[in-house]
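Student:
Residue numbers (the working numbering): 188 to 392.
Written as structure tokens, this is what we have:
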């Protein structure tokens with residue numbers, strides 16, 4: 188599946204709104220355009236016109252990833268996805284995998300910690316380890332990849348593989364690294380302090 192940036196934004200919005208505002212789903216063209224241009228939880232922020240969105244929806248309909256509900260006698264046409272977990276498609280995702288894919292489509296590459304923080308309305312992750320587990324499952328299905336860690340950063344970021352990604356030249360398709368254990372770090376610091384104190388006493392400092 189090779190999606191353009193606008194196609195990714197539209198699919199991400201449909202996935203998000205299906206979960207967070209199910210009473211308003213499927214979405215009208217106006218509602219979907221507003222969702223695409225939303226300033227929160229979007230990277231980058233876009234300024235798409237309804238014409239831009241409609242043209243892209245037509246392309247997605249041709250790919251059978253989106254379907255339009257024409258409505259009855261004067262009702263506004265509404266759009267829903269067939270991207271995943273549809274009887275018409277083969278892509279099946281767990282709730283956690285779906286949440287991660289949704290966030291990666293809406294915000295681009297992110298760390299496991301960022302994904303956990305931002306996933307609250309989409310799925311529940313008790314720990315970062317659960318996020319890493321879901322990421323590893325997506326990597327095994329060749330739906331995501333781990334990017335090379337940026338200089339000065341503690342965590343690597345992860346990117347979806349649904350097309351038109353800018354950072355794939357830095358990709359490393361390897362399992363997610365375990366989260367740093369803060370308690371272990373603090374304990375190690377205490378031990379180092381104690382050892383330093385012993386050395387100072389030995390030197391008479």
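Heads up, the beta-carbon is just placed ideally off N, CA and C, and yes, glycines get one too. Owing to the predicted nature of the structure, the values given are computational and were not obtained by experimental measurement.
Per DSSP, what kind of secondary structure is residue 333 in: helix, strand or coil?
Tutor: Residue 333 sits at position 146 when you count from the first residue of the chain shown. In the structure shown, residue 333 sits in a strand (DSSP, three-state: E or B).
Student: Nearest by alpha-carbon distance to residue 284: which of 324, 249, 243 is it?
Tutor: Counted from its first residue, the chain shown places residue 284 at position 97. If we check each option's Cα against that of residue 284, 324 comes out closest.
Student: Is the beta carbon of residue 244 closer than 8 Å to that of residue 253?
Tutor: As a position in the chain shown, residue 253 is number 66, starting the count at 1. As a position in the chain shown, residue 244 is number 57, starting the count at 1. Contact flag set, yes.
Student: Alpha carbons only, please: which of 338, 266, 341, 320 is nearest the one belonging to residue 332?
Tutor: Within the chain shown, residue 332 is the residue found at index 145, counting from 1. It is 320.
Student: Give the secondary structure of residue 346 by DSSP, where H, G and I count as helix, E and B as strand, and everything else as coil.
Tutor: Stepping through the chain shown from its first residue, residue 346 is reached at position 159. Three-state result, residue 346: strand.
Student: Once you ignore the five residues that flank residue 308 on each side, which residues in its own chain have a CB closer than 6 Å to its CB?
Tutor: By 1-based counting over the chain shown, the position of residue 308 is 121. Around residue 308: 207.
Student: Run through the DSSP bridge pairs and tell me what residue 268 is partnered with.
Tutor: Along the chain shown, one-based indexing puts residue 268 at 81. Answer is 253, bridged to residue 268.
Student: Grouping DSSP H, G and I as helix and E and B as strand, with all else coil, what is residue 288?
Tutor: Indexing the chain shown from 1 puts residue 288 at position 101. Of the three classes helix, strand and coil, the one that applies to residue 288 here is helix, per DSSP.
Student: Once you ignore the five residues that flank residue 272 on each side, which residues in its own chain have a CB closer than 8 Å to its CB?
Tutor: Working through the chain shown from its first residue, we reach residue 272 at position 85. Answer for residue 272: 278, 279, 280, 285, listed in chain order.
Student: Residue 202: which of 262, 282, 257, 224 sits nearest, CA to CA?
Tutor: Numbered from its first residue, the chain shown carries residue 202 at position 15. The shortest C-alpha separation from residue 202 is found at 282.
Student: Just mark residue 264 as buried or exposed, buried being the case when its beta carbon has 16 or more other beta carbons within 10 Å.
Tutor: Locating residue 264 in the chain shown gives position 77, counting from the first residue. Exposed, by the Cβ-count rule.
Student: In angstroms with no decimal places, state the Cα-to-Cα distance between residue 249 and residue 214.
Tutor: Taking the chain shown and counting its residues from 1, one reaches residue 249 at position 62. Taking the chain shown and counting its residues from 1, one reaches residue 214 at position 27. Those two C-alpha atoms are separated by around 18 Å.
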